[in-house]
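Q:
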Amino acid sequence: GESVGLHLPTLSVQEGDNSIINCAYSNSASDYFIWYKQESGKGPQFIIDIRSNMDKRQGQRVTVLLNKTVKHLSLQIAATQPGDSAVYFCAESRRVVRDDKIIFGKGTRLHILP
Amino acid sequence: DTGVSQNPRHKITKRGQNVTFRCDPISEHNRLYWYRQTLGQGPEFLTYFQNEAQLEKSRLLSDRFSAERPKGSFSTLEIQRTEQGDSAMYLCASSLEGFSDAYEQYFGPGTRLTVT
Chain D
17 GESVGLHLPT LSVQEGDNSI INCAYSNSAS DYFIWYKQES GKGPQFIIDI RSNMDKRQGQ
77 RVTVLLNKTV KHLSLQIAAT QPGDSAVYFC AESRRVVRDD KIIFGKGTRL HILP
Chain B
306 DTGVSQNPRH KITKRGQNVT FRCDPISEHN RLYWYRQTLG QGPEFLTYFQ NEAQLEKSRL
366 LSDRFSAERP KGSFSTLEIQ RTEQGDSAMY LCASSLEGFS DAYEQYFGPG TRLTVT
């Protein structure tokens with residue numbers, strides 16, 4: 017079936033280091049990708065998105081990379097802080113056919129080590 | 306706080322009872338989405354509305370589930386004859402479609418349902 021998955025269920029990173037969270041997607045028809053952050057007891061929070069006609073997009077302390085050849089998405093967080101502790105989901109949708117529903121992966125829990 | 310609110314935040318009910326959840330989206334948003342999230346999993350799409358029209362329903366949405374958005378503003382999700390397998394976090398999101406290139410979905414805090 018069509019799904020978006022993440023490679024690691026948990027990732028531990030030293031405070032101040034850079035974090036890289038990876039994701040593989042299976043639907044080559046997907047043209048819009050999003051990273052969400054979810055803290056305990058809260059709904060998913062939008063971090064950054066990227067369309068399929070791009071391979072890189074930068075935000076504040078975050079960068080998303082898209083490799084359509086191998087259907088791989090990654091989220092890089094620079095200078096990881098304690099507040100970055102959360103579960104991170106990659107997600108996809110198909111904007112070109114106006115299919116707005118978002119398909120989420122299983123998530124990676126990011127632990128920040130002091 | 307994204308501006309999307311959901312009530313109640315927690316609901317405990319006995320198997321077989323009916324429950325109803327409410328979502329108030331960001332006021333100018335024309336699209337409203339319902340997702341379900343079980344422990345350790347990502348949210349799963351249930352249904353969405355464009356204004357008051359329900360445009361798509363997932364096959365996860367059994368006959369016991371019904372969603373409405375009568376005036377194109379708030380939405381309700383009702384589950385009839387609840388089962389233990391319905392225990393989950395029910396998330397609502399809203400977005401503004403068609404007016405700009407930004408179509409980010411803003412999520413509410415969710416309603417956690419526990420069926421005993």
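Listed in order, the protein sequences are those of chains D and B. Each number in my numbering comes from the position in the first sequence (counting from 1) with 16 added on. Each number in my numbering comes from the position in the second sequence (counting from 1) with 305 added on. Note that the Cβ used here is the ideal one computed from N, Cα and C, for glycine as well. Keep in mind it's a predicted model, so treat the numbers as computed, not measured.
So which of B:G413, B:Q359, B:T352 and B:V420 has the shortest CA-CA distance to I331 (chain B)?
A: For this step, residue 331 (chain B) is matched to residue 26 along the second sequence. Ranking B:G413, B:Q359, B:T352 and B:V420 by Cα distance to I331 (chain B) puts B:G413 first.
Q: Can you give me the Cβ contacts of R417 (chain B) inside the same chain, cut-off strictly under 6 Å, excluding the 5 residues immediately before and after it?
A: To locate residue 417 (chain B), count along the second sequence from 1; it is residue 112. Result list for R417 (chain B): H315 and M394, in chain order.
Q: For the stretch 342-369 of chain B, list every residue whose C-beta sits within 8 Å of some C-beta in chain D, in sequence order.
A: Residues G345, Q346, G347, P348, E349, F350, Y353, E361 and S363.
Q: Count Cβ pairs between the stretch 26-41 of chain D and the stretch 365-379 of chain B that sit closer than 8 Å; are there 3 or more?
A: Not touching, per the Cβ criterion.
Q: Taking Cβ-Cβ distances shorter than 8 Å, what residues in chain D pair up with E333 (chain B)?
A: The residue labelled residue 333 (chain B) in the question sits at position 28 within the second sequence. Neighbours of E333 (chain B) on chain D: none; closest Cβ ~17 Å, over 8 Å.
Q: By the 8 Å beta-carbon criterion, what residues does the stretch 57-91 of chain D contribute toward chain B?
A: The residues in question are G57, K58, G59, P60, Q61, F62 and D65.
Q: Using the rule of at least 16 other Cβ atoms within 10 Å of the residue's Cβ for burial, across every protein chain shown, is G121 (chain D) buried or exposed?
A: Here residue 121 (chain D) is taken as the residue at index 105 of the first sequence, counted from 1. Classification of G121 (chain D): buried, given that the 10 Å Cβ count is 16 or more.
Q: Can you tell which of B:N356, B:R327 and B:T343 has its C-alpha closest to the C-alpha of R336 (chain B)?
A: For the purposes of this step, residue 336 (chain B) is taken as residue 31 along the second sequence, with counting starting at 1. Per the Cα distances, B:N356.
Q: State the start and end residues of the unbroken beta strand (DSSP E) segment that holds A107 (chain D).
A: Taking the first residue of the first sequence as 1, we reach residue 107 (chain D) at position 91. Element bounds for A107 (chain D): A102 to R110.
Q: I118 (chain D) versus chain B: which residues are under 7 Å apart at the beta carbon?
A: Translated into positions along the first sequence, residue 118 (chain D) becomes position 102. The contacting residues are F350 and Q410.
Q: In terms of residue numbering, what span does the beta strand (DSSP E) encompassing V80 (chain D) cover?
A: Position 64 of the first sequence, counted from the start, is the residue given in the question as residue 80 (chain D). Start and end: V78 to N83.
Q: Does DSSP put Q30 (chain D) in a helix, in a strand, or in coil?
A: Residue mapping note: residue 30 (chain D) aligns to position 14 of the first sequence, counting from 1. Of the three classes helix, strand and coil, the one that applies to Q30 (chain D) here is strand, per DSSP.
Q: Please list the terminal residues of the continuous beta strand (DSSP E) segment that includes I36 (chain D).
A: Mapped onto the first sequence, residue 36 (chain D) falls at position 20. Residues S35 to Y41.
Q: Give the list of continuous beta strand (DSSP E) stretches no shorter than 3 residues that lie fully inside the stretch 319-407 of chain B.
A: The qualifying runs are 324-329, 336-342, 349-355, 358-362, 370-373, 380-384 and 393-400.
Q: Exposed or buried, L351 (chain B), counting other C-beta atoms within 10 Å across all chains shown (16 or more means buried)?
A: For this step, residue 351 (chain B) is matched to residue 46 along the second sequence. Buried.
Q: Taking 9 Å as the threshold (C-beta atoms), are A102 (chain D) and E31 (chain D) in contact?
A: Position 15 of the first sequence, counted from the start, is the residue given in the question as residue 31 (chain D). Position 86 of the first sequence, counted from the start, is the residue given in the question as residue 102 (chain D). No, these two residues do not count as a Cβ contact at 9 Å.
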